[in-house]
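>
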Amino acid sequence: MIQYPAGLPCFERTGYGLKTKDPQLRSELESGRSRPRRKFTQTPTAIEVVTRPMNDAQAQLFEAWWEQVLVSGTKWVDLPLKTPLGMQHYTAQFVGIYDGPLLVGVSHWRFSCTVVLRKRPLIPAPWAAQAPDWILNAGKFDRLMNDTWPEA
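In this text, residue positions in the sequence shown follow numbering that gives the first Met the number 0: the first is 0, and each later residue adds one.
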């Protein structure tokens, strides 16, 4: 898997948001009601990302990496991204070409683009159905175990 270059900054949180394609198909009935059903089980999740300001060398690397390593952004890449599951590496692909470079300040550059995740970031089944309290209280459980667990 192609990795995001370690020398490049992560993405900003400004304007950062996940957009998941609707998996439903709705049929309008003559009575005015509608009948929804699931059309897809794996729907793409897109994220609008903006890079943190890059110096000249980092901007050069980003553009060359996107063009040469990702073959004009067509290859899948392992990107560090934040989702409700936390900051993790996700397999993603650029949608079209990035916008930029946009000059920021005296000598820094910013790029904006859309990436789509290969897999929707969800906790595995059946946690939501069988143990919702574990999900909601995971932070408390983690602190309790780390504070009270005897040293090994």
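Glycine residues also receive a C-beta, built at the ideal position from the N, C-alpha and C atoms.
Compute the distance between the beta-carbons of Leu80 and Val103, then report whether it is under 9 Å.
Not in contact: Leu80 and Val103 (Cβ atoms no closer than 9 Å).
> Ordered along the chain, which non-local residues of its own chain (more than five positions away) have a Cβ less than 8 Å from that of Lys38?
Pro22, Gln23, Leu24
> Do the region 42–57 and the region 9–23 make contact, defined as three or more Cβ pairs closer than 8 Å?
yes
> Rounded to the nearest angstrom, what separates Leu84 and Ile122 at their Cα positions?
7 Å
> Could you pull the DSSP bridge partners for Tyr89 from this structure?
Leu78
> Applying the criterion that 16 or more other CB atoms from any shown protein chain within 10 Å of the CB defines a buried residue, is Leu89 buried or exposed?
It should be pointed out that residue 89 corresponds to Tyr in this sequence rather than to Leu. By the C-beta density criterion, Tyr89 is buried, having at least 16 other C-beta atoms within 10 angstroms.
> Going by CA-CA distance only, name the one from Gln2, Thr40, Pro125 that's closest to Arg119.
When Gln2, Thr40, Pro125 are compared, the shortest CA-CA separation from Arg119 is found for Thr40.
> My assumption, with CB atoms under 8 Å, is that Tyr15 sits in contact with Glu47. Please give the rounded CB distance.
So it is a contact: roughly 7 Å between Cβ atoms.
> Just tell me which of Ser30, Lys18, Gly6, Ala58 has its CA closest to the CA of Arg109.
Ala58
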